[in-house]
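J.: Residue numbers (the numbering used here), protein chains in the order written: chain A, 537 to 677; chain B, 537 to 677.
Beta carbons are placed, not taken as given, at the ideal position from N, Cα and C, and that holds for glycine.
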DNA sequence: AACATACCCGACTAAAATGGTCAAGTTTAG
DNA sequence: CTAAACTTGACCATTTTAGTCGGGTATGTT
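(1) Tell me whether residue 548 of chain B sits in a helix, a strand or coil according to DSSP, three-state version.
(2) Determine, using beta carbons only, whether residue 547 of chain B comes closer than 7 angstroms to chain A.
(3) Which residues does DSSP pair with residue 591 of chain A in a beta bridge?
(4) Could you please tell me which residues of the stretch 659–672 of chain B, in chain order, have their CB closer than 7 angstroms to any CB of chain A?
(5) Assign residue 579 of chain A to one of two classes, buried (16 or more other C-beta atoms within 10 Å of its C-beta) or exposed (fewer than that).
(6) Which residues in the same chain as residue 599 of chain A place their Cβ atom closer than 6 angstroms to its Cβ, once the five residues preceding and following it in sequence are excluded?
(7) Mark residue 633 of chain A as exposed unless 16 or more other C-beta atoms lie within 10 angstroms of its C-beta, in which case mark it buried.
(8) Within this structure, are the beta carbons of residue 554 of chain B and residue 603 of chain B separated by less than 7 angstroms?
(9) For residue 668 of chain B, does the count of other Cβ atoms within 10 angstroms reach 16, so buried, or fall short, so exposed?
(10) DSSP three-state label for residue 622 of chain B, please.
(11) Against residue 645 of chain A, what residues of chain B qualify as contacts under a CB-to-CB distance less than 8 angstroms, listed in chain order?
(12) Mind checking residue 620 of chain A: buried by the 16 CB within 10 Å criterion, or exposed?
(13) Rounded to the nearest angstrom, what separates residue 601 of chain B and residue 617 of chain A at their Cα positions?
(14) Give a yes or no on whether the C-beta atoms belonging to residue 501 of chain B and residue 552 of chain B are separated by under 7 angstroms.
(15) What does the Cβ neighbour count give for residue 567 of chain A, buried or exposed, with the cut at 16 atoms within 10 Å?
(16) Run through DSSP, which three-state label would residue 542 of chain A get?
(17) From what residue to what residue does the alpha helix (DSSP H) around residue 571 of chain A run?
(18) May I ask which residues mark the beginning and end of the alpha helix (DSSP H) holding residue 657 of chain B?
(19) Kindly say whether residue 635 of chain B, judged by its beta-carbon, lies nearer than 7 angstroms to any beta-carbon of chain A.
(20) Taking all protein chains shown into account, decide if residue 658 of chain B is buried (16 or more other Cβ within 10 angstroms of its Cβ) or exposed.
(21) Measure from the alpha carbon of residue 592 of chain A to the alpha carbon of each residue in A:662, A:564, A:647, then state which is nearest.
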């Protein structure tokens, strides 16, 4: 069970964005430089964030990205979901007729993964981008 | 972020084992047939479970595996840890001098992953094999 | 003693996921 | 018109996953 870089990068980039986008759109190049993330990779990530209405893009010179909502309304669930960093519970074949692994009874672990998923998601649903920014400011003092 | 089959298999196999090992040692072949898991793969998994003192082996004809503790004392943490299904928070380079990604300040997400790790682990630390077996019985009614 | 049933162990591998890179655009401010 | 920025899609190397394979060794039963 592991978290991938994609999710981490997305969060880092959005925190970065949240700190600067009041003034101007923020270019990916800037984020790339500040956060040390490959520009090309950032583009892939932001493409997904855009499709999920988490950021808006402004094209052309002096363009860049802006948050499309209040940082308080962007929960980590949204971010992870956008970049496909979902909690995959290695689904026991979703053929609804047969149970897991093609046998009649539900596999023992079926409920377990459901519970876990809820447990984790409840964590991400509570945390917003705003929380992270506050946290960062506090750490600075 | 995902759970791998290895962890799921380990849990499934141990639940199976817990239900039959009062009578006789349980052979991997039986577990393989009942749970639909490749025998060769099971052997790899049980080798690790054994190293971590979760099961004991009895060799030879009529041999097999037995739990080495009470199901109540086997927490999911132990199982996952044994088969290397650990929660990896994509560690920001653990070079202690520099912060994450080689920059001076801790990356914004650093604390976040720590929190998440604790959150998930607390879930696994509470759940025991016993809990899962009980659950299964209840579902049968 | 022989045999079958089990565990034991290490090497190998196909397929998928990960973490990118690269190329060729389009859009728009200045 | 041109440079800065987004847009899209293909490509790729490496690592991880989920096994397979081929040989062992131990031991109860006949």
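T.: Based on what the coordinates show:
(1) Residue 548 of chain B falls in the helix class under three-state DSSP.
(2) With 7 angstroms as the cut-off, residue 547 of chain B counts as an interface residue toward chain A.
(3) Bridge partners of residue 591 of chain A: A:603.
(4) Correct list: 659, 668, 671, 672.
(5) Residue burial annotation: residue 579 of chain A is exposed, with fewer than 16 other C-beta atoms found within 10 angstroms of its C-beta.
(6) The residues are 561.
(7) With a pLDDT of 40 at residue 633 of chain A, under the threshold of 50, the modelled position of this residue cannot be trusted, and the question is left open.
(8) In contact: residue 554 of chain B and residue 603 of chain B (Cβ atoms closer than 7 angstroms).
(9) The residue in question, residue 668 of chain B, is buried, as its Cβ has 16 or more Cβ neighbours within 10 Å.
(10) Taken through DSSP and simplified to helix, strand or coil, residue 622 of chain B comes out as coil.
(11) Going along chain B in sequence order, the residues near residue 645 of chain A (Cβ under 8 angstroms) are 544, 547, 548, 551, 668.
(12) Burial call: exposed.
(13) Each residue's alpha carbon lies about 41 angstroms from the other.
(14) Since the first and last residues shown for chain B are 537 and 677, residue 501 of chain B lies out of range.
(15) Classification of residue 567 of chain A: buried, given that the 10 Å Cβ count is 16 or more.
(16) If DSSP states are grouped into helix, strand and coil, residue 542 of chain A belongs with the helices.
(17) Segment 564–571, the alpha helix (DSSP H) holding residue 571 of chain A.
(18) Residue 657 of chain B -> alpha helix (DSSP H) spans 646–662.
(19) With a pLDDT of 49 at residue 635 of chain B, under the threshold of 50, the modelled position of that residue is not reliable, and the figure given next carries that caveat. Taking Cβ atoms only, chain A never reaches closer than 7 angstroms to residue 635 of chain B, which makes this a no.
(20) It counts as exposed.
(21) Measuring from the Cα of residue 592 of chain A, the nearest candidate turns out to be A:564.
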